[in-house]
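One structure below.
Protein chains: 2
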Amino acid sequence: MSPPKRTTIHDVANRAGVSIATVSRVLGGSQKVNEEMSRRVLDAAAEVGYRPNAAARSLVSGRFRTIGLVMPDVGNAYFQDILKAVVTEAKKDGYRVVVIDSIGDADEEYEACLQQVPNVDGIILLSPRMSKAQLADVIAKAGAVSIVNRLEPGISAPMIVTDNAGACWEILEHLASLGHRRLVHVCGPTESWQARTRITALRRGAQRLGLELAVLEAEQGVEAGYAIADEALETGATAVIAFNDLHAFGVMTRLHDRGIRVPEDVSVTGFDDIELARFSRPAITTVGTPKLELGEQAWIGLLAQLRGDGVPPSTPISTPLTVRGSTGPAAGA
Amino acid sequence: MSPPKRTTIHDVANRAGVSIATVSRVLGGSQKVNEEMSRRVLDAAAEVGYRPNAAARSLVSGRFRTIGLVMPDVGNAYFQDILKAVVTEAKKDGYRVVVIDSIGDADEEYEACLQQVPNVDGIILLSPRMSKAQLADVIAKAGAVSIVNRLEPGISAPMIVTDNAGACWEILEHLASLGHRRLVHVCGPTESWQARTRITALRRGAQRLGLELAVLEAEQGVEAGYAIADEALETGATAVIAFNDLHAFGVMTRLHDRGIRVPEDVSVTGFDDIELARFSRPAITTVGTPKLELGEQAWIGLLAQLRGDGVPPSTPISTPLTVRGSTGPAAGA
DNA sequence: GTGAAAGCGCTAACAT
DNA sequence: ATGTTAGCGCTTTCAC
Numbered sequence: 016m017s018p019p020k021r022t023t024i025h026d027v028a029n030r031a032g033v034s035i036a037t038v039s040r041v042l043g044g045s046q047k048v049n050e051e052m053s054r055r056v057l058d059a060a061a062e063v064g065y066r067p068n069a070a071a072r073s074l075v076s077g078r079f080r081t082i083g084l085v086m087p088d089v090g091n092a093y094f095q096d097i098l099k100a101v102v103t104e105a106k107k108d109g110y111r112v113v114v115i116d117s118i119g120d121a122d123e124e125y126e127a128c129l130q131q132v133p134n135v136d137g138i139i140l141l142s143p144r145m146s147k148a149q150l151a152d153v154i155a156k157a158g159a160v161s162i163v164n165r166l167e168p169g170i171s172a173p174m175i176v177t178d179n180a181g182a183c184w185e186i187l188e189h190l191a192s193l194g195h196r197r198l199v200h201v202c203g204p205t206e207s208w209q210a211r212t213r214i215t216a217l218r219r220g221a222q223r224l225g226l227e228l229a230v231l232e233a234e235q236g237v238e239a240g241y242a243i244a245d246e247a248l249e250t251g252a253t254a255v256i257a258f259n260d261l262h263a264f265g266v267m268t269r270l271h272d273r274g275i276r277v278p279e280d281v282s283v284t285g286f287d288d289i290e291l292a293r294f295s296r297p298a299i300t301t302v303g304t305p306k307l308e309l310g311e312q313a314w315i316g317l318l319a320q321l322r323g324d325g326v327p328p329s330t331p332i333s334t335p336l337t338v339r340g341s342t343g344p345a346a347g348a
Numbered sequence: 016m017s018p019p020k021r022t023t024i025h026d027v028a029n030r031a032g033v034s035i036a037t038v039s040r041v042l043g044g045s046q047k048v049n050e051e052m053s054r055r056v057l058d059a060a061a062e063v064g065y066r067p068n069a070a071a072r073s074l075v076s077g078r079f080r081t082i083g084l085v086m087p088d089v090g091n092a093y094f095q096d097i098l099k100a101v102v103t104e105a106k107k108d109g110y111r112v113v114v115i116d117s118i119g120d121a122d123e124e125y126e127a128c129l130q131q132v133p134n135v136d137g138i139i140l141l142s143p144r145m146s147k148a149q150l151a152d153v154i155a156k157a158g159a160v161s162i163v164n165r166l167e168p169g170i171s172a173p174m175i176v177t178d179n180a181g182a183c184w185e186i187l188e189h190l191a192s193l194g195h196r197r198l199v200h201v202c203g204p205t206e207s208w209q210a211r212t213r214i215t216a217l218r219r220g221a222q223r224l225g226l227e228l229a230v231l232e233a234e235q236g237v238e239a240g241y242a243i244a245d246e247a248l249e250t251g252a253t254a255v256i257a258f259n260d261l262h263a264f265g266v267m268t269r270l271h272d273r274g275i276r277v278p279e280d281v282s283v284t285g286f287d288d289i290e291l292a293r294f295s296r297p298a299i300t301t302v303g304t305p306k307l308e309l310g311e312q313a314w315i316g317l318l319a320q321l322r323g324d325g326v327p328p329s330t331p332i333s334t335p336l337t338v339r340g341s342t343g344p345a346a347g348a
């Protein structure tokens, strides 16, 4: 019932007939150790099933072999692929990942970072919503920070983002070429930098192409897309630019229920290129936001700092547009 | 560039003009402390932005305020909701969650547990695939363990499962009542207890109801469902019982592409009742596997052990069948 | 009620 | 190349 007592470095040392320093050296690989001593230690460690106490190790070394991954919503499918990538990459380099859910609140996010900072080697922030000042503070206090989905001038950290401007432009061009003149954008949460960036990019692009663009804000998920579809249609748009594929799918389902055909009557586009986009019918025209790559880059940027190599530069990840069945010529064009 | 030095309990003690013991007592709330001293300490801590060093705390207390969550695939949507629930609940009680991906490998899973055990207060295992002996070993060595999606007699840990037998029976009865006599089950990975349990339950139930049942194994995800649909049809079945909604959706998409109508020609059922099930067209008849509840129960079971209250009993979580448009009368019935 | 001091398990000087 | 030892920051006896 009581927590079983741990086997310590002393147990190993006793069994192997050496000092604890030698054990530490063998296990840590820090210095040269006699071949046969090394073997004795390794054997002894295996025999007693020794596992190092991370707390003790951290206390003396100041390193934790642990990083924090902070995100607005652990339940959001978008972040899951990034989480997967980060966990996988971190593991390769011997790091654990602590998951922190900021429930989309800027202050909570900031506070969580402050709390974690003294107890992790580094922090990866996914779509952070805290203020720039808070961001700067966290970076100042943390050993290493990587940021995903936010570009903030004057901040010294790797900022891994997709090429939102390029993606938006491609979508607009595609729709314009199909004869669409009136568009509506179902945007994401405006607390997020990414949502705001896309709105701006779409507005600019639409203006340049001489297109009308309405913007509607929706909650997250398929249901939100379903719920806002009617309102989107009322704008008179012939094409809906959804914030992500889940939104797009929800919109399409609503259109289906109303007997409105996609793409004959209305075209729909998404973002992210999730599996669902390929297997929905019609399949969804969408622009990929390579999430595994976002996670990998975030880890690479963090690891560089952990190794003392400074903050590596990062370039926007390109976002390929994949045209599928959900977009077609504008009705009456 | 170098990691900023931490403020320690000494800094707070100095500033407040008290001993470190008093600071510890105030912050830990362990003993009675003079009202005004307490205030001085709290103020001082706030002023210097003091954050306790978790490693030091753990080293002396033997407690980590951290738990490990081990799962076969961090990228699998099914586990995400459980993860969310666990993170949320754990946070309420002041615990961090370390995410470990066992990449579906039993030995890797076991090894990861052994490694984490000395460095966390408890472990939650999602759909563990390790042997019963390994499971018992982990439980013996860990302070606290909760298991989700596996029932293993003679194991002393909360085992949180859904009522697979009941769920399977409900599906079979539903299909039988619609006149289906030949069924096919697209099962999940047979390394998983849940997949094996459902196969057994479906076989038993089919026999009892006098139904034919073929079983096909598929990979995970929508694409796998899409890929196996043709083979499923070749069995001559009029209804497909998919392992989960993603499979079901993939199957339905393939049927759509072949011009086979659901449910007029073939019925399809899923498991999990994810959002997609409601918004797919036709919507998917499925049985809910309340994932948030699984996560919550796992946490409750773990917390009880962390508090020294022993291993609480757990009862299977019931799984409501929701009939939607993807099932209908058997063709020619 | 408060302070002094021991020591958690380990790494990294420092000796030898 | 190996052993001895001083702490890392904190909690918790133990004195007062």
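Chains as they are written, first to last, in our numbering: chain A, 16 to 348; chain B, 16 to 348.
Glycine included, every Cβ here is placed at the ideal spot set by N, Cα and C.
Values in this document were obtained by computation on a predicted structure and should not be read as measured data.
I want to see whether chain A comes within less than 8 Å of residue 90/B, judged by CB atoms only; does it?
yes
Comparing the C-beta of residue 95/B with each C-beta of chain A, is any distance below 8 Å?
yes
N-terminal and C-terminal residue of the alpha helix (DSSP H) that residue 62/B is part of
50 to 63
Closest residue to residue 172/B among 56/B, 313/B, 336/B, 29/B (Cα-Cα distance)
313/B
On the three-state DSSP scale, how would you describe residue 140/A?
strand
Give me the Cα-Cα distance between residue 211/B and residue 128/B, rounded to the nearest whole angstrom.
23 Å
Between the region 312 to 328 of chain A and chain B, which residues of the former have CB atoms less than 8 Å from a CB of the latter, in chain order?
323, 325
With H, G and I counted as helix, E and B as strand and the rest as coil, what does DSSP make of residue 334/A?
coil
Can you find a C-beta in chain A that's less than 8 Å from the C-beta of residue 268/B?
yes
Is residue 89/B near residue 98/A, with beta carbons less than 8 Å apart?
yes
Using a beta-carbon distance below 8 Å, is residue 142/A in contact with chain B?
no
For residue 16/B, count neighbouring Cβ atoms within 10 angstroms of its own Cβ and tell me buried if that reaches 16, exposed if not.
With a pLDDT of only 41 at residue 16/B, under the threshold of 50, the placement of this residue in the model should not be trusted; the figure read from the coordinates follows. Under this definition residue 16/B is an exposed residue.
Consult DSSP for residue 170/A and reduce its assignment to one of helix, strand or coil.
coil
Under 6 Å Cβ to Cβ from residue 167/B, same chain only, skipping five residues before and after it: list those, please.
147
For the alpha helix (DSSP H) that residue 264/A lies in, which residues bound it at each end?
260 to 272
Determine which residues of the region 225 to 238 of chain A have a Cβ less than 8 Å from any Cβ of chain B, and write them out in chain order.
236, 237, 238
Going by the beta-carbon positions, is the gap between residue 112/A and residue 132/B smaller than 8 Å?
no
Taking 8 Å as the CB-CB limit, is residue 99/B close to chain A?
yes
So, under 8 Å CB-CB, residue 307/B and residue 100/B are touching, yes? Tell me the CB distance rounded to an integer number of Å.
5 Å
Who pairs with residue 200/B in a beta bridge, going by DSSP?
230/B, 256/B
Looking only at C-alpha atoms, which of 80/B, 249/B, 116/B sits nearest to residue 136/B?
80/B
In three-state terms, what does DSSP make of residue 25/B?
helix
CB contact check: residue 73/A to chain B, cutoff 8 Å:
yes
Length of the line joining the Cα atoms of residue 31/A and residue 22/A:
14 Å
CA-to-CA distance, residue 236/B to residue 342/B, given in whole angstroms
21 Å
Which bits of chain B does residue 351/A rub up against, with CB to CB less than 8 Å?
No answer is possible for residue 351/A: the residues shown for chain A start at 16 and end at 348.
Residue 34/A, enclosing beta strand (DSSP E) - first and last residue:
No beta strand (DSSP E) holds residue 34/A; DSSP gives it neither H nor E.
Paired residues, beta bridge with residue 84/B - DSSP
114/B, 139/B
Identity of the residue in 326/A, 340/A, 346/A, 338/A nearest residue 154/A by Cα
326/A
For residue 62/A and residue 297/B, the rounded distance between their alpha carbons:
59 Å
The region 266 to 295 of chain B: which residues have C-beta closer than 7 Å to a C-beta of chain A, in chain order?
268, 271, 290, 291, 294
First and last residue of the alpha helix (DSSP H) that includes residue 103/B?
92 to 107
May I ask you to report which of helix, strand or coil DSSP gives residue 287/A?
strand
Any alpha helix (DSSP H) of 4 or more consecutive residues that is wholly inside the region 295 to 333 of chain B
306 to 321
As assigned by DSSP and simplified to three states, the class of residue 162/A
strand
In this structure, does DSSP put residue 177/B in helix, strand or coil?
strand
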